[in-house]
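Take a look at the structure set out below.
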Amino acid sequence: MPQTRLLRRSDMIDVMVGMVLTLFLPLLFTWIILQLFPVMLTSLVYEKQQKLRVMMKMHGLGDGPYWMITYSYFLFLSSVYILGFMVSGYLIGLPIFKCTAFSILFTFYFTYIYLQISFAFLMATLSLHVKTATVIAHMFVFGSGLLGMYVFQSVLQSPSFSRDWIIILEMFPPFALYRGNYEFQEYTQRERYLGYAVKMSWNDINDGENGMRRVFILMAIEWFVMLIVAYYLDQVISLGNGVRKHPLFFLKNMSKKLSASNQQLAIQTQQLNFRDESEKPDVSQEREKVKELILLNDTTDSIVCDNLKKVYPSIDGNPEKVAVRGLSLALGRGECFGMLGPNGAGKTSFISMMIGLTEPTSGMALVNGLDIQTDMDQIYASMGVCPQHELKNLKGSDLTEAVEESLKSVNLYHGGVADKQARTYSGGMKRRLSVAISLIGDPKVVYMDEPSTGLDPSSRNHLWNIVKRAKKDRAIILTTHSMEEAEALCDRLGIFADGSLQCIGNPKELKARYGGSYVFTMTTSVDQEEEVEKLICGLSSNASKIYHLSGTQKFEISKKDVRIGDVFRAVENAKREFPIYAWGLTDTTLEDVFIKVAQAALASSSTM
Ligand SMILES: Nc1ncnc2c1ncn2[C@@H]1O[C@H](COP(=O)(O)OP(=O)(O)OP(=O)(O)O)[C@@H](O)[C@H]1O
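Number 518 in our numbering belongs to position 459 of the sequence shown; there are no gaps in the numbering.
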């Protein structure tokens, strides 16, 4: 009697376990395998949001190798995870693992992880924010498992539901996964009373009842199709992935024709529309030069920007922001162009367009004859941001030589410095390393952003010599806030303010054009300040005081009003009248030009 009761209890437990497993095991297995999806999606979106994708491209890592490396990495992670899951399943002795041939489970789960990686790539093309992607991915895992159990499973069990509709539902990858887990469980359930004598084999897959053959085929096709679609969308949607490609980019000739006709259209539109009366003659002259170069199809200049414009769309109720208003510029090989300008002038926006970080709103730019909107991948190969030098076709001894040369040129080679980790470098050493990296691989165009910031005077001089040597056979665009650096390195300067070039020319020209005045400084006792003012009035009635602090005064005097000899004579006479502690007369500096031009631009933009 007690034995009968015992048997009944074990039967009941068996039945209950069976019910729980039937109900929840497909869901549990689906959730376990889907767990990798948020990890992959977040990682892909993070790389885009942080602009790491574009940085990698700039460093020479093309889209193809990036996809292969990332795909292989995810595959490795997923394989370890799935193998861990399967080994645990066997060790615990879960019935599904006892009742299904290992090769079937292995093939099914591995086909699914291949598909899941493609699916993560596809979803990543549609999202740019890590937080959004993470939340959506977790909701997706949780929701699709529950939908699988409560909706998809009911559909499977309903004889009235069309098989075609089931195939359509199985196109949603988590449902395909759920279907597999469900069928494994169903088979296990049937077999458990036979003592798991017969394992599910490949013949059972062909059984029209369980639909597993279809699921396998569907997953394999979807894996391939999704990968292609994801790659295509990645190129043409380009959320955080640099410059968007033309939807027909794969028909290269056609897109070239399209872009050529766009160029013509852009030029015609400009010629019809662009007549900015307030534009300075030097800037207009540069614009004319660019138009001519484009019309003659002359691509000898390293950089040609034609009416390049960047407008940031309005966000969160803020109005749209015109950061660059139709910039035209032509730069030849061997020229170092300095971009000066106050904060917020639009320099970074311009450089970002040129290096493919952001798309121009309108206009066109060619780098060595290649269009930044269609040929950015090729441009990266000749652009000066290159830490991954081996990807620029340098190998073996060439690579070692290029790295050593580059490190020597910035004084980071001798004394074991080259063997240290870059994170142990001081701020100045890191700046020099950045310059060395930008010059590796013989790039034809180099962008340098404040290269000498944080360097001591001797290192700065050393670095300037490197830049001077480097510019001989390449075009360099350099942004800096140091007028001394601009004068030392740049052949031409452009002062940028409020999104436009305010003036362009070599440093001497600019000083001559925008200077036109001397700065007279004199230090006396406070009691003699009035005497100094009288002295200046005697020299020029139009002189204006620009600085005053306890006995030291500065005046700006137009060059037209005075001769240097008169100033010296007046000061000598004054020395007999009252004590003069110090005095000086200086020509206009580049800094004076910068302040004048920037203030004029600010004043004109505030009156608009
Ligand atoms: N992503 C963006 N969305 C909206 N406005 C932006 C964006 N990026 C820049 N701006 C605005 O565009 C203008 C130009 O900015 P940009 O960073 O190009 O200037 P900058 O000359 O490089 O300034 P800085 O010397 O401070 O780096 C600024 O008013 C800036 O606020």
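Cβ atoms here follow ideal geometry from the backbone N, Cα and C, with glycine treated the same way.
Give the single residue among the options whose Cα lies nearest to the Cα of residue i.
i: Leu187; options: Ser147, Met259, Tyr105; result: Tyr105
i: Thr417; options: Leu425, Gln432, Val426; result: Gln432
i: Leu401; options: Ser609, Val652, Ile499; result: In the sequence as displayed, the identity of residue 401 is Pro instead of Leu. When each option's Cα is compared against that of Pro401, the closest is Val652.
i: Leu386; options: Asp557, Arg572, Lys304; result: Asp557
i: Ala404; options: Phe579, Ser559, Ala192, Gly564; result: Ser559
i: Gly415; options: Thr129, Asp436, Gly123; result: Asp436
i: Asn240; options: Pro218, Asp223, Ile264; result: Ile264
i: Leu82; options: Leu205, Met581, Leu471, Asn262; result: Leu205
Is the distance from the Cβ of residue i to the Cβ of residue j below 8 Å?
i: Ile163; j: Ser137; result: no
i: Lys369; j: Thr538; result: no
i: Phe211; j: Phe234; result: yes
i: Gly393; j: Asp532; result: yes
i: Leu236; j: Thr101; result: no
i: Pro154; j: Arg238; result: no
i: Ile280; j: Thr184; result: no
i: Leu286; j: Phe180; result: yes
i: Pro566; j: Glu590; result: no
i: Ile227; j: Arg273; result: no
i: Asp341; j: Gly564; result: yes
i: Ala382; j: Ser408; result: yes
i: Leu292; j: Gln175; result: no
i: Ile525; j: Phe396; result: no
i: Val469; j: Val494; result: yes
i: Glu592; j: Ser603; result: no
i: Val656; j: Trp642; result: no
i: Met259; j: Ala160; result: yes
i: Leu440; j: Cys364; result: The sequence given here places Ala at residue 440; Leu does not occur at that position. For Ala440 and Cys364, no; Cβs fall outside 8 Å.
i: Asp360; j: Leu354; result: no
i: Ser599; j: Val621; result: yes
State the start and end residues of the unbroken beta strand (DSSP E) segment that holds residue i.
i: Arg273; result: From DSSP, Arg273 is part of no beta strand (DSSP E) but of the alpha helix (DSSP H) over 271-295.
i: Leu425; result: 421-426
i: Asp625; result: Element bounds for Asp625: not the beta strand (DSSP E) but the alpha helix (DSSP H), 623-636.
i: Ile554; result: 551-556
i: His540; result: Unbroken run through His540: none, as it is neither H nor E.
i: Arg519; result: No beta strand (DSSP E) holds Arg519; the alpha helix (DSSP H) holding it covers 516-529.
i: Leu701; result: The requested residue 701 does not occur in the structure, where the chain is confined to residues 60 to 667.
i: Leu95; result: Segment 95-108 is the alpha helix (DSSP H) holding Leu95; no beta strand (DSSP E) there.
Look up residue i in the DSSP assignment and say whether it is helix, strand or coil.
i: Lys406; result: helix
i: Thr328; result: Because the pLDDT of Thr328 is 49, which lies under 50, any placement of that residue in the model is unreliable, and the number read from its coordinates should be weighed accordingly. Helix at Thr328.
i: Arg303; result: coil
i: Gly574; result: coil
i: Ala477; result: helix
i: Met230; result: coil
i: Cys596; result: helix
i: Asp434; result: coil
i: Met71; result: helix
i: Ile374; result: coil
i: Arg490; result: helix
i: Ile639; result: coil
i: Ile535; result: strand
i: Gly239; result: helix
i: Ala461; result: helix
i: Asp365; result: strand
i: Gln658; result: helix
i: Leu310; result: coil
i: Ile414; result: coil
i: Thr648; result: coil
i: Cys445; result: Summary for Cys445: the model assigns pLDDT 37, below 50, so the residue's position carries little reliability, and this model does not support an answer.
i: Lys339; result: coil
i: Ser663; result: helix
i: Thr159; result: strand
i: Ser511; result: coil
i: Arg392; result: coil
i: Phe220; result: coil
i: Tyr472; result: coil
i: Leu608; result: strand
Which first and last residues belong to the alpha helix (DSSP H) in which residue i is found?
i: Ser131; result: 122-151
i: Asp508; result: Run containing Asp508: none in the alpha helix (DSSP H); it sits in the beta strand (DSSP E), 504-508.
i: Thr725; result: Past the edges of the chain, shown from 60 to 667, lies residue 725, and the structure says nothing about it.
i: Gly202; result: 189-206
i: Leu215; result: 212-216
i: Phe396; result: Segment 395-399 is the beta strand (DSSP E) holding Phe396; no alpha helix (DSSP H) there.
i: Ile2; result: With the chain running from 60 to 667 in the structure shown, residue 2 is simply not present.
Flag residue i as yes if its beta-carbon sits less than 8 Å from any beta-carbon of chain B, otherwise no.
i: Phe156; result: Looking for chain B here will not work: only one protein chain is present.
Kindly provide the chain-ordered list of residues whose Cβ lies closer than 6 Å to any non-hydrogen atom of ligand 1.
-> Tyr371, Lys380, Ala382, Gly400, Asn402, Gly403, Ala404, Gly405, Lys406, Thr407, Ser408
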